[in-house]
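Heads up, the thing below is written out as structure tokens.
Chains as they are written, first to last, in our numbering: chain U, 5 to 221; chain P, 18 to 99; chain Y, 9 to 245.
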């Protein structure tokens with residue numbers, strides 16, 4: 005059943021073909037007549053373009069006239085739901101082209117950015133961990149230095165104290181010895197004096213005793 | 018179209034969709050029940066459970082869709098239409 | 009217009025571009041070129057100037073790539089997923105953008121002489137092409153990794169499963185194809201019929217459900233493609 009649309013479209017197709025054929029033949033004629041003339045070539049292009057514009061306008065008008073005819077259609081040929089035709093390989097080819105394109109412009113560059121960012125963060129994290137070990141080591145060193153200094157100072161103090169103590173003891177001992185010697189000397193002198201005094205007093209005491217006895221007797 | 022073929026196709030289309038949605042309906046209900054129980058048991062796993070549930074729904078739904086496709090083919094693209 | 013014309017919608021009506029011997033579905037090709045254009049523009053705009061700290065469209069592209077990498081890594085495994093990310097990513101993006109473009113964009117404003125514009129995935133040719141490409145992909149993966157011993161998996165774990173395994177090789181692409189095709193076509197039909205009956209507000213919840221399920225279908229197709237590739241790459245049961 006030939007519908008208005010098919011009539012219109014076939015008519016428009018015929019019009020286009022006629023215009024194209026005439027355009028092509030006129031172009032060929034023009035080109036043969038004026039082979040290397042630029043102005044003539046421009047004129048040829050202009051003519052073809054105007055013919056194409058006219059042809060497309062014809063087609064458009066035909067389509068617009070044919071569209072309302074669709075409203076009258078009560079019965080179309082039963083549409084095929086499972087209609088495999090050349091669209092399938094064309095879609096497959098388009099998909100593969102899309103895959104290659106997206107791989108080049110999206111998945112590879114963005115993937116690289118993601119991986120680089122991952123790597124950087126991982127490096128920073130591991131660097132931070134190394135630093136904390138260093139800090140620990142330095143802390144231990146500092147503690148060791150402090151404790152060493154402290155023991156050295158304590159040792160110093162102890163030795164100085166001991167030396168001072170020894171010096172003091174020595175002095176004390178020598179002083180003591182001197183004093184002892186003086187004491188000895190003094191006591192010996194005293195004993196001698198006592199002896200001398202007693203010896204001096206002995207005759208006196210005897211004389212006194214004799215007097216006392218005379219007096220009494 | 019031959020009225021017998023038309024009538025048979027229409028009945029067959031209805032049966033295809035109707036019978037084809039019994040099984041997936043039961044299956045999806047069971048899956049949802051177990052999923053909700055899993056979420057109730059462990060609320061912090063909700064994201065994973067929901068993801069697995071939606072994926073399973075899509076697979077079960079496709080079984081109903083097969084029936085629907087047959088019904089559509091019978092109504093709109095009937096191979097026996099003259 | 010009588011009701012029969014409106015109600016026929018255009019299930020199965022295609023805009024045929026014919027040359028002498030072959031015909032193609034014009035409306036599918038037109039919308040698929042649109043999808044390719046959208047993906048190309050987003051890719052070029054978002055990834056033209058990549059920075060270490062992302063901004064603007066680069067956030068979206070990075071998010072999409074991480075999502076796709078996650079699917080590939082989960083399904084194929086840690087070691088071999090990197091080379092299959094482009095395939096799975098393109099499948100996911102193509103199906104996702106085409107489903108959502110069919111559901112969100114007012115394609116019916118542009119009237120065609122025959123048939124209607126819609127998502128390219130509502131045509132059996134598109135989904136069959138994607139399913140066949142997935143099938144070829146997992147065969148290629150298995151054979152390129154294992155060589156001829158790839159065919160040993162037909163008799164694993166037991167030789168009497170050979171017919172079932174062979175049948176599985178046919179049903180895998182078939183189910184992929186029909187799952188996607190049925191979902192998208194059914195969604196468009198339901199929305200179309202509802203628009204005929206109650207054009208205002210009532211179709212909106214179903215359109216939202218359609219958006220949700222079509223996004224899930226993109227994810228499912230990509231996940232299944234990854235699962236099949238991973239299955240043929242894994243060493244042994």
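Glycine included, C-beta positions come from ideal geometry on N, C-alpha and C.
On a predicted model such as this, the values are computed, not experimentally measured, just so you know.
Counted as a single uninterrupted DSSP element, the beta strand (DSSP E) harbouring residue 25 of chain Y occupies residues 24-26. Residue 31 of chain Y is bridged by DSSP to Y:26. By the Cβ neighbour-count rule, residue 187 of chain Y is buried, with 16 or more other Cβ atoms within 10 Å of its own.
Between the region 55-68 of chain Y and the region 200-214 of chain Y there are fewer than three C-beta pairs closer than 8 Å, too few to call the two in contact. The beta-carbon distance between residue 94 of chain Y and residue 125 of chain U, rounded to whole angstroms, is 25 Å. This is too long to meet the 8 Å contact definition. Taking all protein chains shown into account, residue 126 of chain Y has 16 or more neighbouring C-beta atoms within 10 Å of its C-beta and is therefore buried. Residue U:89 holds the alpha-carbon nearest to the alpha-carbon of residue 33 of chain Y among U:132, U:89, U:50, U:110. Linking residue 33 of chain P to residue 95 of chain P through their CA atoms gives a straight-line distance of about 14 Å. Contact of residue 222 of chain Y with chain P is not assigned, every C-beta pair being separated by 8 Å or more.
Among the residues of the region 176-195 of chain Y, those with a Cβ less than 8 Å away from any Cβ of chain P are 183, 186, 187, 189, 190, 191, 193, 194, in the order of the chain.
Taken through DSSP and simplified to helix, strand or coil, residue 60 of chain Y comes out as coil. At a cut-off of 8 Å, the C-beta of residue 225 of chain Y has a neighbouring C-beta in chain P. The beta carbon of residue 215 of chain Y lies closer than 8 Å to those of 111, 199 in the same chain, with the five residues before and after it left out.
Counting every other CB atom within 10 Å of its CB across the protein chains shown gives residue 99 of chain U a total of 16 or more, marking it as buried.
Straight through space, the alpha carbons of residue 221 of chain Y and residue 122 of chain Y are spaced by roughly 28 Å.
In the DSSP assignment, residue 78 of chain Y falls within the alpha helix (DSSP H) that extends over 65-84. The CB of residue 122 of chain U never comes closer than 8 Å to any CB in chain Y; the least such distance is about 11 Å.
Listed along the chain, the chain Y residues whose CB falls inside 7 Å of the CB of residue 75 of chain P are 224, 225, 228. For residue 238 of chain Y, the closest C-alpha among the options Y:229, Y:227, Y:80, Y:213 is that of Y:80. Remark: C-beta atoms of residue 95 of chain U and residue 183 of chain Y do not approach each other more closely than 8 Å. Residues of chain U with a Cβ closer than 9 Å to the Cβ of residue 65 of chain Y do not exist; the shortest Cβ-Cβ separation is about 11 Å.
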